[in-house]
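Student:
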Amino acid sequence: MTRREAFVIGWPIAHSRSPAMMNAAFAALGIDAVMTPMAVEPEQLPAVIARLRAGGMLGASVTIPHKLAVAALCDELAPAARAIGAVNCLELAGDRLIGHNTDEAGFVDGLVAAGFVLRGKRAVLLGGGGAARAVAYGLRGARAVEVIARRPDDPSLAWAPAWPWTDAQLRECFARADLVVDCTSAGLDPATDVTFTAALPLDALAPGAWVATLVYHRRTDLLQRASALGHSTVDGRAMLVHQGARALTIWTGLPAPIDVMARALDASL
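Our numbering numbers the first residue of the sequence shown as 1 and each following residue consecutively.
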């Protein structure tokens, strides 16, 4: 039997840890498959997707900057992908390309695995971009989800109550939050991380509040400060593992070996 191929598509893509996770999972499940990173310039995306379809791929993960554009190349969008407007997982069902968004459920899976109980809780999201929209969709079972954004009146933020990014508003929202999720890119760079975190009123959080970030390659200053204050924290590794686990199940129909994937991710960082 010919080895099946899966791909992770982005521009750039060298930083992706998805191949390490997925290849470890394939090996653990005894699946003769391999995930390969594929750097795809935006203008080449339609041609590359057409080639992967014709080649009968096992599936593909999609990352920045293609999550919006690839949705238009699908024959069908799963409900989450349609609601969020972004695709991070491609399934080839016969000759039909189906776009999924596993980021939203992956984020919640990671929270639940860490011990967070979503029902009845209030969440505050920092930033109003595509990542925040996916997280908000995943958190739709919460009591309330609010966004603090630089441009709260932007029509693209109609999916959640949005507040201006001011010191007073941050403090007010933090005081009623059970969960704060940093959906910005500030934590990616140590140079911006410390300054960003210093401006956040973590002292306003209730003692039982949780703090999360989507950054997975380093422990951000935000999580370090929150932990020092006694708050439970979740970093982006949980989301990356669990969104990948859901993608694996979509492609193979098998339960994903989450512990194997988590260990492979940690070893790759």
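Beta carbons are placed, not taken as given, at the ideal position from N, Cα and C, and that holds for glycine. Predicted model, so just to flag it, every value in this text is computed and none were measured.
(1) Can you say whether Gly120 is buried or exposed, counting buried as having 16 or more other CB atoms within 10 angstroms of its CB?
(2) Below 8 Å on the Cβ atoms is my guess for Gly141 versus Glu104; work out the distance and round it to an integer in Å.
(3) Thinking Asn101 and Val87 are a contact (beta carbons under 8 Å), I'd like their distance in whole angstroms, please.
(4) Residue range of the alpha helix (DSSP H) that Phe174 falls in?
(5) Nearest CA to the CA of Ile151: which residue from Ala144, Val145, Trp163 and Ile98?
(6) So, is Pro257 buried or exposed, given that buried needs 16 or more other C-beta atoms within 10 angstroms?
(7) Ala160 and Ala186: beta carbons closer than 8 Å?
(8) Please classify Gln44 as buried or exposed, where buried requires at least 16 other C-beta atoms within 10 Å of its C-beta.
(9) I think Arg53 touches Leu29, with their Cβ atoms under 8 Å apart; what is that distance to the nearest whole Å?
(10) Please state the DSSP three-state secondary structure of Ala158.
(11) If you draw a straight line from the alpha carbon of His242 to that of Val260, how long is it in whole angstroms?
(12) If you reduce the DSSP assignment to three classes, tell me which class Phe26 lands in.
(13) Could you check the C-alpha separation between Leu229 and Thr195 for me, to the nearest Å?
(14) Taking the continuous beta strand (DSSP E) assigned at Ile148, which residues delimit it?
(15) Return the CA-CA distance between Ile250 and Ala168, expressed in angstroms with no decimal places.
(16) Whose C-alpha, out of Leu97, Val70 and Phe26, is nearest the C-alpha of Pro46?
(17) Opposite Ala6 in the DSSP bridges: which residues?
(18) Between which two residues does the beta strand (DSSP E) containing Glu104 stretch?
(19) Would a C-beta distance cut-off of 8 Å place Ala123 and Met57 closer than the cut-off?
Tutor: With the given structure in hand:
(1) Flag for Gly120 reads exposed.
(2) Contact doesn't hold; Cβ gap of about 11 Å is too wide.
(3) 6 Å
(4) Asp167 to Ala175 is the span of the alpha helix (DSSP H), which, as asked, contains Phe174.
(5) Checking the displayed sequence, the identity of residue 151 turns out to be Arg instead of Ile. The shortest C-alpha separation from Arg151 is found at Trp163.
(6) buried
(7) no
(8) exposed
(9) Not quite, the Cβ-Cβ distance comes to about 24 Å (not below 8 Å), so this is no contact.
(10) Ala158 falls in the coil class under three-state DSSP.
(11) 12 Å
(12) helix
(13) 18 Å
(14) Ala144 to Ala149
(15) 44 Å
(16) Val70
(17) Met35 and Gly59
(18) Careful: Glu104 lies outside any beta strand (DSSP E), inside the alpha helix (DSSP H) at Asp103 to Ala114.
(19) No, these two residues do not count as a Cβ contact at 8 Å.
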